[in-house]
Amino acid sequence: MSMILFADDEEHLRLTAAQSFDLHDLPVTLFSNAKDLLDKIHKHSDVVVVTDIRMPGMDGIELLNAVKDIDNELPVILVTGHADVTIAVNCMQNGAYDFIEKPYAQNHLIETVTRAIEKRRLTLEVRSLRNNLNHQQILKTNMNGKSNVIQAVRDQISALANVQTDILISGETGTGKGTAARLLHELSARQHGPFVHINCATIPNDLVEIELFGHEAGAFPSATHSRYGKFEHARGGTIFLDSIEALSQEIQGKLLQAINDRIITKLGSNSPIELDVRFIASSQKDLKFLTDKGQFRSDLYYCLAGAKIQMPSLRDRKEDIAQLFNEFAKLSSLRHKVQTPFIPSSLYMQLSSSDWPGNLHELQRIVDRFVLNIDLDLSSTDLDFKEGMSLNDLLANQERAIIASALTANEGSLKNTYESLKISRKALYEKMLKFNLKREDFATDE
0 MSMILFADDE
10 EHLRLTAAQS
20 FDLHDLPVTL
30 FSNAKDLLDK
40 IHKHSDVVVV
50 TDIRMPGMDG
60 IELLNAVKDI
70 DNELPVILVT
80 GHADVTIAVN
90 CMQNGAYDFI
100 EKPYAQNHLI
110 ETVTRAIEKR
120 RLTLEVRSLR
130 NNLNHQQILK
140 TNMNGKSNVI
150 QAVRDQISAL
160 ANVQTDILIS
170 GETGTGKGTA
180 ARLLHELSAR
190 QHGPFVHINC
200 ATIPNDLVEI
210 ELFGHEAGAF
220 PSATHSRYGK
230 FEHARGGTIF
240 LDSIEALSQE
250 IQGKLLQAIN
260 DRIITKLGSN
270 SPIELDVRFI
280 ASSQKDLKFL
290 TDKGQFRSDL
300 YYCLAGAKIQ
310 MPSLRDRKED
320 IAQLFNEFAK
330 LSSLRHKVQT
340 PFIPSSLYMQ
350 LSSSDWPGNL
360 HELQRIVDRF
370 VLNIDLDLSS
380 TDLDFKEGMS
390 LNDLLANQER
400 AIIASALTAN
410 EGSLKNTYES
420 LKISRKALYE
430 KMLKFNLKRE
440 DFATDE
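The structure is reproduced here in structure tokens:
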């Protein structure tokens, strides 16, 4: 149920309206002035505004214009005296939902507000549907691939984006931890706030506290003026603590307090600063292992690990390599202002045989060399023998990746695919069925 925000400088009118809303189980918040009401509104507020036109300070018309600047579809109902009816009609032409002339029957007020509530509900439902579609498109664009493991990560990001819990992202170097963190921010209600990326591994130990929390003038000899810390700058948004394992245990303790209390204190100050932020942390190392070895604070680990995302290595999603190479090549060509070279099927299949210890970073390096016609270094093209997997499983994984690469290279054309692989149509069909590969997943949209 939408909240009704009711503004009128006359107390008896506020109380009368509140009684009417209460009788009809309609939640209401009362305001004696327009400015206080405006402070409660944001882009997707589930509210309906009812305001008197004539009020001291900011009047109802100014409030209407300010609300429309925030959200043009938020219903604003104007309450007006007889002399202001013409003004109210003009306001409706400029975006007001409706107006009510004084003195008004309480039933008329309730009917008008109820219609506005229904309109707001429908508006927010349509927005939600559009946002869900946009979110899925953003995820697919920024975290491409058809493998089960990357689809599972996309599902996790979509599910966690609007959950306010802090998140720990783990994975090898180059697996896309930063991309996942930014997507969590961009798909959340905090998307219009700042996204502050802090690489903990690159900040000198003696400057970490100042960088994170800031300082007041005079806090130390060279502090001639006060400074905002990165945490304070991030208010209303997201803090991404990249390579959090690099922080000293002393700083880990102060970070734990900031995360638990959502309060920081600048160096040299006794005044606490409240934080409205979400924390996302990432680590290339197994933080649980470091915790068990006493090298990372267990209380901080469990504070961050309420929700965890494990980014898969490239060798665990080899069937995505051809698609990623193709898309990286287009981007690299645009960046270097050259034409995208033809990519032979044989190269796709060779790429899918590599171990890729550098993951996406290494793949991007190879793509740039290919686009710029520099000799490729594919010396690491060894089969990936994972501990605990049988030879049959290893060979099946490799075969699936090769077939997926060929389908990608041939844009889903079965004829071109089985000819490039030098197998029969029947053999290709059987293998696609065995590995759950669908032609339409590899066909281009063009």
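Under our numbering, think of the first position of the sequence shown as 0, with each following residue one higher.
Where a beta carbon is used, it is the ideal one built from N, C-alpha and C, also for glycine.
Would you say residue i and residue j are within 9 Å of each other, going by their C-beta atoms?
i: valine 371; j: serine 281; result: According to the sequence as given, residue 371 is leucine; it is not valine. No, the Cβ-Cβ distance between leucine 371 and serine 281 is not below 9 Å.
i: lysine 229; j: leucine 211; result: yes
i: isoleucine 77; j: aspartate 38; result: Reading off the sequence, residue 77 comes out as leucine, not isoleucine. The answer is no: Cβ separation not under 9 Å.
i: histidine 184; j: isoleucine 279; result: yes
i: aspartate 45; j: methionine 91; result: no
i: asparagine 410; j: glycine 144; result: Going by the sequence as given, residue 410 is glutamate instead of asparagine. It is not a contact, given that the beta carbons lie outside the stated cut-off.
i: glycine 59; j: threonine 79; result: yes
i: isoleucine 250; j: glutamate 208; result: yes
i: alanine 233; j: glycine 192; result: yes
i: serine 32; j: aspartate 68; result: The identity of residue 32 in the sequence shown is asparagine, whereas the question assumes serine. No; because the gap between Cβ atoms is not below 9 Å, this pair is not in contact.
i: arginine 314; j: glycine 252; result: no
i: alanine 395; j: serine 351; result: no
i: arginine 399; j: leucine 359; result: no
i: alanine 200; j: alanine 245; result: yes
i: histidine 41; j: leucine 123; result: no
i: serine 419; j: alanine 405; result: yes
i: methionine 54; j: alanine 65; result: no
i: isoleucine 149; j: arginine 261; result: no
i: glutamate 215; j: leucine 274; result: no
Could you please give the first and the last residue of the uninterrupted beta strand (DSSP E) stretch that includes residue i?
i: serine 281; result: 277-282
i: leucine 36; result: Looking at the DSSP string, leucine 36 is not in any beta strand (DSSP E); the run it does join, the alpha helix (DSSP H), is 33-37.
i: threonine 339; result: Run containing threonine 339: none; DSSP gives neither H nor E here.
i: lysine 430; result: Segment 424-433 is the alpha helix (DSSP H) holding lysine 430; no beta strand (DSSP E) there.
i: glutamine 309; result: 307-309
i: histidine 196; result: 194-198
i: phenylalanine 30; result: 27-30
Return the chain-ordered list of same chain residues with a C-beta closer than 8 Å to the C-beta of residue i, the five sequence neighbours on each side being excluded.
i: serine 423; result: Tyr417
i: alanine 95; result: Leu63, Val75, Ile76, Leu77, Ala87
i: isoleucine 197; result: Glu210, Leu211, Lys229, Ile238, Phe239, Leu240, Asp241
i: alanine 17; result: Phe5, Val27, Leu29
i: leucine 432; result: none
i: aspartate 374; result: Arg368
i: leucine 25; result: Met0, Ile3, Ile109, Val112, Thr113, Ile116
i: aspartate 285; result: Ser169
i: histidine 335; result: Asp367, Val370, Leu371
i: arginine 364; result: Gly357
i: arginine 126; result: His43
Less than 6 Å between C-beta atoms, sequence neighbours within five positions excluded: which residues of the same chain meet that for residue i?
i: glycine 305; result: Thr164
i: isoleucine 238; result: Val195, Val276, Phe278
i: leucine 303; result: Asp165, Leu167, Ala280
i: serine 447; result: The chain is shown from 0 up to 445; residue 447 falls before or after that span and cannot be answered.
i: aspartate 97; result: Ile76, Thr111
i: arginine 13; result: Asp7, Leu29
i: isoleucine 202; result: Glu210
i: aspartate 70; result: Lys42
i: glycine 235; result: Gly192, Asp275
Check for me: the alpha helix (DSSP H) holding residue i runs from which residue to which?
i: phenylalanine 20; result: 10-22
i: phenylalanine 324; result: 320-335
i: alanine 6; result: Note, alanine 6: premise wrong, no alpha helix (DSSP H); beta strand (DSSP E) at 2-6.
i: arginine 314; result: Arginine 314 -> no alpha helix (DSSP H), and no H or E assigned at all.
i: serine 419; result: 413-420
i: aspartate 440; result: Careful: aspartate 440 lies outside any alpha helix (DSSP H) and carries neither H nor E.
i: threonine 85; result: 84-92
i: glutamine 363; result: 358-370
i: leucine 346; result: 344-350
i: isoleucine 209; result: 207-212
Spatial neighbours of residue i within its chain, please: CB distance less than 7 Å, with the 5 preceding and 5 following residues excluded, ordered by chain position.
i: serine 331; result: Val366, Asp367, Val370
i: glutamate 429; result: none
i: isoleucine 401; result: Met348, Ser351
i: valine 84; result: Glu100
i: glutamate 445; result: Because glutamate 445 sits at a pLDDT of 44, beneath the cut-off of 50, its placement in the model cannot be relied upon, and the point is left open.
How about residue i: is its Cβ closer than 8 Å to a heavy atom in the ligand SAM?
i: isoleucine 238; result: This structure simply doesn't include the ligand SAM, nor any ligand for that matter.
Taking 9 Å as the threshold (beta carbon to beta carbon), is residue i in contact with chain B?
i: asparagine 89; result: Looking at the structure shown, chain B is missing, and only one protein chain is on hand.
Discussion item. For the pair the segment 99-109 and the segment 140-158, tell me if three or more CB-CB distances fall below 8 Å.
Written reply: No, the segment 99-109 is not in contact with the segment 140-158.
Worksheet item: Should the segment 257-272 be regarded as contacting the segment 202-222, the criterion being three or more beta carbon pairs within less than 8 Å?
Response: Yes, they touch.
Worksheet item: Given 8 Å as the limit, is there contact between the segment 341-350 and the segment 308-327, that is, 3 or more CB pairs closer than that?
Response: Cβ pair count under 8 Å is three or more, so yes.
Discussion item. With three or more C-beta pairs closer than 8 Å as the rule, is the segment 171-190 touching the segment 286-296?
Written reply: The segment 286-296 vs the segment 171-190: no contact.
Practice prompt. Could you name each continuous beta strand (DSSP E) segment of 3 residues or more that falls completely within the segment 133-186, going from the start of the chain to the end?
Written response: Correct list: 166-169.
Item to complete: Counting only runs of 3+ residues fully inside the segment 224-294, write out the beta strand (DSSP E) ranges in chain order.
Response: The DSSP assignment places 237-241, 262-264, 271-273, 277-282 as complete runs of the beta strand (DSSP E) inside the segment 224-294, in order along the chain (cut-off: 3 residues).
Worksheet item: Taking the runs of the alpha helix (DSSP H) that are 4 residues or longer, which of them lie wholly in the segment 43-78?
Response: Segments of the alpha helix (DSSP H) lying fully in the segment 43-78: 59-69.
Practice prompt. Identify every run of the beta strand (DSSP E) within the segment 96-131, keeping only runs that are complete inside it and at least 3 residues long; order them along the chain.
Written response: Runs of the beta strand (DSSP E) inside the segment 96-131: 97-100.
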